[in-house]
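Quick note, in our numbering, the sequence shown goes up one by one and the last residue is 671. The beta carbon of each residue, even a glycine, is placed where N, CA and C say it ideally should be. Here the structure is a predicted model, which is why all the values come from computation and not from measurement.
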Amino acid sequence: MGATAIMQTDFLVIGSGIAGLTFALKVAEDCPDKTITILTKTQSDETNTKYAQGGIAGVMDFDKDSFNKHIEDTLIAGDGLCNREVVEIVVREGVERIKEIIEWGAQFDKDKDGDYALGREGGHSEFRILHHKDVTGKEMERALLEAIIRKPNIRLLSHCFVLDIITQHHLGFLITKSTPDIECYGVYVLNLNTNKIETILSAVTLLATGGNGQVYRTTTNPAIATGDGVAMVYRAKGRIENMEFIQFHPTALYEPGVRGHSFLITEAVRGDGGVLRNHKGEAFMERYDERKDLAPRDIVARAIDHEMKINGTEHVYLDCRHFSKEKFTEHFPNIYEKCLSIGIDIAKHMIPVAPAAHYSCGGIKTDEQARTSIKHLYAAGECASTGLHGANRLASNSLLEAMVFAHRAYKDAILNPQEKPGAVLINGSQGKKVDYAEVPNWKSEGTNAPKEMILITQSVKEMKLLMSDYVGIVRNNERLSRAMKRLDLLYEETEALYEKTAVSPQLCELRNMITVAYLIVKCAEFRHESRGLHFNTDYPSKSIMVQNIAL
Ligand code: FAD
Ligand code: SIN
């Protein structure tokens, strides 16, 4: 493996989901003379975005709904930790962003009068979810990728695995968390098409690397969701916060033997009247919350977890037998087909479901312009922690947040032009001038091809198991401390392997996931209360101190 090419681009985007593509399109439209490079680690459409089902929340019907109601619902779900200003920004600006993606070609379902057919999900007081059947994300990703292809100044490079962001650390300076002006100059990327490590330099880099569901054994997230962006920023000494707030979706399809990427049964099914039942057939949600099946996700997921534990079952059921088959297949054709393919006819059988890791509410800390604590580095989408979700995300708010903050990052980057690549930068921390020409190639001397993959795959299994068993929906101090001890060992073994082994996506993802798992456990250990998605039986109530946990 060689470390060769150096490439320069005006704007660098890591990730081809809704956040990365929105940012790239906007810059490309505004600055036709600038180059935008998007890197994505597998195929261009393999993203969490593609799997989004329920839809995107936005106030469209001002007769019944209002910005204030959406704001209040978001704040209630966030359980005291949302930044109200950010909530207002996302709810109010979100509608403009929805209109833009419709202009770019995304289609949302309409009713027979030609108005948008709005759905409802847990925690929403009104019908406000725009959707494209039960494949909303696939439709949005399609529209964005097609618009991207029409832009000659965008280069989308698939199968390019970003290893690290480049900062003064790579120029030989000592960087700590208290270094005041850490700067990002671009990234090192393993180009899987050539098997070479390349250096890509840019005055503006946006991280849009998505979520980290793969840290758990059962998740709705595809294999790409390994928290790479968060791990890279943590390594670069940037700010990360609120990682303990992992959202478990209550209703992933339970298929014995299927773990890595579970099929989702969208919350919109409960929005349309689906009822959760335990193995005795009891509709149990009324025992847990007056909003029953449409209570916020943390409550529903904990209720299911409790039912499964007291009854000793591996799943509960979602009952849709009372639906008209025609209506169900019209709104949820993908779910209907998937269930049928494994022998479940929703008109006759209940759907077996269980909670699965779904969404990371915390992440790379950003300000209202999507700026991270590292200069020239923005973050948007699921990898970012903007302050919108607080301790628990309201359903269908994440696609909205990704577009709003991709837009804000674009505005900020355009309005405050950064020095061009190749120009001289001031290294604030050391008071020394740094030229892009000083950025060294990736160092791979002394590393060899891995002798056996089992050293990596077994560690991945161990990590997923310990995170699921000790740091899942319900936590306690002893479980967290056990998780940390085992993670320490995995960390040491993986770092030793990393030192002597040529980099590969498998090894780097393991390393990134261990870092993310560590951050989740560390934040969970610091939070001495139960709030939103973080439930610790040793501290069952809420503390009067309302605070974010930043590392
Ligand atoms: P993603 O869409 O996940 O894209 C991440 C990109 O980063 C990918 O292109 C990936 O290749 C790239 N990447 C990552 N690491 C690297 C690396 N090291 N090098 C190069 N590239 C890298 N939200 C809603 O609002 N409504 C819904 O209905 C909804 N349903 C969902 C259903 C499912 C099954 C799932 C999993 C999520 C759902 N969500 C929903 C959440 C939402 O889909 C995601 O939060 C959102 O799509 C994230 O978008 P993103 O652009 O941040 O990241
Ligand atoms: C779903 O469709 O249930 C997922 C919605 C979301 O995660 O926002």
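Could you tell me which of I295, L310, L312 sits nearest to C304, measuring between CA atoms?
Along the sequence shown, one-based indexing puts residue 304 at 184. Here the closest residue by C-alpha is I295.
Check this for me: beta carbons of I158 and L276, under 7 Å apart or not?
Residue mapping note: residue 158 aligns to position 38 of the sequence shown, counting from 1. Residue mapping note: residue 276 aligns to position 156 of the sequence shown, counting from 1. A contact, by the Cβ cut-off of 7 Å.
Is it true that the CB of G394 sits closer than 7 Å to the CB of C440?
For this step, residue 440 is matched to residue 320 along the sequence shown. For this step, residue 394 is matched to residue 274 along the sequence shown. Against a cut-off of 7 Å, the Cβ pair of G394 and C440 comes out as a contact.
Can you find a heavy atom of the ligand SIN that lies under 6 Å from the Cβ of Q173?
In the sequence shown, counting from the first residue as 1, residue 173 sits at position 53. Result yes, Cβ under 6 Å from the ligand SIN.
Is E387 near the ligand SIN, with its Cβ less than 6 Å from a heavy atom?
Taking the first residue of the sequence shown as position 1, residue 387 is located at position 267. E387 Cβ: within cutoff of the ligand SIN.
Is any beta-carbon of chain D found at less than 7 Å from that of T194?
Judged by its chain identifiers, the structure shown contains no chain D, having just a single protein chain.
Sorry if obvious, but does the Cβ on S516 come closer than 6 Å to a heavy atom of the ligand SIN?
As a first step, residue 516 is located in the sequence shown; it is residue number 396 there, counting from the start. Yes, the beta carbon of S516 sits closer than 6 Å to at least one heavy atom of the ligand SIN.
Which value, in whole angstroms, describes the spacing of the CA atoms of F228 and M260?
Sequence index remark: in the sequence shown, residue 228 carries index 108 (1-based). Sequence index remark: in the sequence shown, residue 260 carries index 140 (1-based). Spanning the two alpha carbons is a distance of roughly 9 Å.
Can you tell me whether DSSP reads T299 as helix, strand or coil?
Stepping through the sequence shown from its first residue, residue 299 is reached at position 179. Looking at T299 - three-state DSSP - the assignment turns out to be coil, as it is neither helix nor strand.
Which ranges does the alpha helix (DSSP H) cover as unbroken runs of at least 4 residues, wholly within the region 360-387, from first to last along the chain?
Whole alpha helix (DSSP H) segments, 4+ residues: zero.
When the distance is taken between beta carbons, is V636 closer than 7 Å to N332?
In the sequence shown, the residue the question calls residue 332 occupies position 212. In the sequence shown, the residue the question calls residue 636 occupies position 516. Contact: yes.
State the Cα-Cα distance for the pair I209 and G507, rounded to the nearest angstrom.
Looking up residue 209 in the sequence shown gives position 89. Looking up residue 507 in the sequence shown gives position 387. Rounded to whole angstroms, I209 to G507 spans 11 Å at the Cα level.
Which same chain residues end up closer than 6 Å to F131 when comparing Cβ atoms and leaving out the 5 residues on each side of it in sequence?
Within the sequence shown, the letter at position 11 stands for residue 131. V147, I156, V324, listed in sequence order.
Quick one: using the 10 Å Cβ neighbour count with 16 as the cut-off for buried, is K253 buried or exposed?
Residue mapping note: residue 253 aligns to position 133 of the sequence shown, counting from 1. Counting Cβ neighbours within 10 Å, K253 comes out buried, since at least 16 surround it.
Considering Cα atoms alone, identify which of E645, S663, M583 is closest to M633.
Walking along the sequence shown from the start, residue 633 turns up at place 513. That would be M583, whose Cα lies nearest to the Cα of M633.
Rounding to the nearest angstrom, what Cα-Cα distance links E361 and V350 in this structure?
Residue numbering aside, residue 361 sits at position 241 when the sequence shown is read from its first letter. Residue numbering aside, residue 350 sits at position 230 when the sequence shown is read from its first letter. Roughly 10 Å between the two C-alpha positions.
I believe T449 touches Q173 by the beta-carbon criterion, under 8 Å. Please report the beta-carbon distance rounded to the nearest angstrom.
For the purposes of this step, residue 449 is taken as the residue at position 329 of the sequence shown. For the purposes of this step, residue 173 is taken as the residue at position 53 of the sequence shown. About 15 Å; that fails the 8 Å criterion.
Decide if F404 is buried, meaning its Cβ has at least 16 other Cβ atoms within 10 Å, or exposed.
As a position in the sequence shown, residue 404 is number 284, starting the count at 1. Label assigned to F404: buried.
In angstroms, rounded to a whole number, what distance separates the CA positions of R407 and P272?
In the sequence shown, counting from the first residue as 1, residue 407 sits at position 287. In the sequence shown, counting from the first residue as 1, residue 272 sits at position 152. Whole-angstrom Cα-Cα distance: 57 Å.
In the DSSP assignment, find the alpha helix (DSSP H) that holds T449 and state where it starts and stops.
The sequence position of residue 449 within the sequence shown is 329, counting from 1. Counting along the chain, the unbroken alpha helix (DSSP H) around T449 starts and ends at 445-451.
Buried or exposed, going by whether 16 or more other CB atoms sit within 10 Å of the CB of V378?
If you number the sequence shown from 1, residue 378 lands on position 258. By the neighbour-count rule (16 or more Cβ atoms within 10 Å), V378 is not buried but exposed.
Have a look at A345 and V389 and give me their C-alpha separation to the nearest angstrom.
On the sequence shown, residue 345 is found 225 positions in, with the first residue counted as 1. On the sequence shown, residue 389 is found 269 positions in, with the first residue counted as 1. Spanning the two alpha carbons is a distance of roughly 25 Å.
Can you find the residues in the same chain that come closer than 6 Å, C-beta to C-beta, to T339, ignoring five residues on each side of it along the sequence?
For the purposes of this step, residue 339 is taken as residue 219 along the sequence shown, with counting starting at 1. Same-chain partners within the cutoff: G333, A476, A477.
Name the two residues that bound the continuous alpha helix (DSSP H) containing A172.
Here residue 172 refers to the residue found at position 52 of the sequence shown. It is not in any alpha helix (DSSP H) - A172 carries neither H nor E in the DSSP assignment.
So, S588 versus R417, is the Cβ gap smaller than 7 Å?
Position 468 of the sequence shown, counted from the start, is the residue given in the question as residue 588. Position 297 of the sequence shown, counted from the start, is the residue given in the question as residue 417. It is not a contact, given that the beta carbons lie outside the stated cut-off.
Among N188, D199, I218, whose alpha-carbon lies nearest the alpha-carbon of E521?
Reading the sequence shown from its first residue, position 401 is the one you call residue 521. Measuring from the Cα of E521, the nearest candidate turns out to be I218.
Less than 7 Å separating the beta-carbons of P370 and V335?
Taking the sequence shown and counting its residues from 1, one reaches residue 370 at position 250. Taking the sequence shown and counting its residues from 1, one reaches residue 335 at position 215. Contact flag unset, no.
Tell me whether D235 sits in a helix, a strand or coil according to DSSP, three-state version.
Your numbering for residue 235 matches position 115 in the sequence shown. It is coil, neither helix nor strand.
So what does DSSP say about S505, is it helix, strand or coil?
The sequence position of residue 505 within the sequence shown is 385, counting from 1. Strand at S505.
Quick check: what's the CA-CA separation for G347 versus P453?
For this step, residue 347 is matched to residue 227 along the sequence shown. For this step, residue 453 is matched to residue 333 along the sequence shown. Each residue's alpha carbon lies about 31 Å from the other.
Count the CB pairs spanning the region 422-429 and the region 480-492 that are closer than 8 Å, and state whether there are at least three.
As far as the Cβ criterion goes, the region 422-429 does not touch the region 480-492, which means the pair count is below three.
Give me the Cα-Cα distance between L283 and R491, rounded to the nearest whole angstrom.
Within the sequence shown, numbered from 1, the residue matching residue 283 stands at position 163. Within the sequence shown, numbered from 1, the residue matching residue 491 stands at position 371. Taking the straight line joining both Cα atoms gives about 21 Å.
Could you tell me which residues DSSP pairs with L607 in its beta bridges?
Within the sequence shown, numbered from 1, the residue matching residue 607 stands at position 487. Bridge partners of L607: none, in fact.
Kindly list the residues whose CB is nearer than 7 Å to the CB of L238, restricted to its own chain and excluding five residues on each side of it in sequence; keep chain order.
Looking up residue 238 in the sequence shown gives position 118. Its chain contains M180, D181, F247, R248, I249, L250 as the residues whose beta carbon lies nearer than 7 Å to that of L238, once the 5 sequence neighbours on both sides are disregarded; these appear in chain order.
Name the DSSP beta bridge partners of A557, please?
The residue labelled residue 557 in the question sits at position 437 within the sequence shown. Partner(s): none; A557 has no beta bridge.
Are the beta-carbon atoms of I138 and L519 separated by less than 7 Å?
Against the sequence shown, residue 138 aligns to sequence position 18. Against the sequence shown, residue 519 aligns to sequence position 399. Cβ distance < 7 Å, so I138 and L519 count as in contact.
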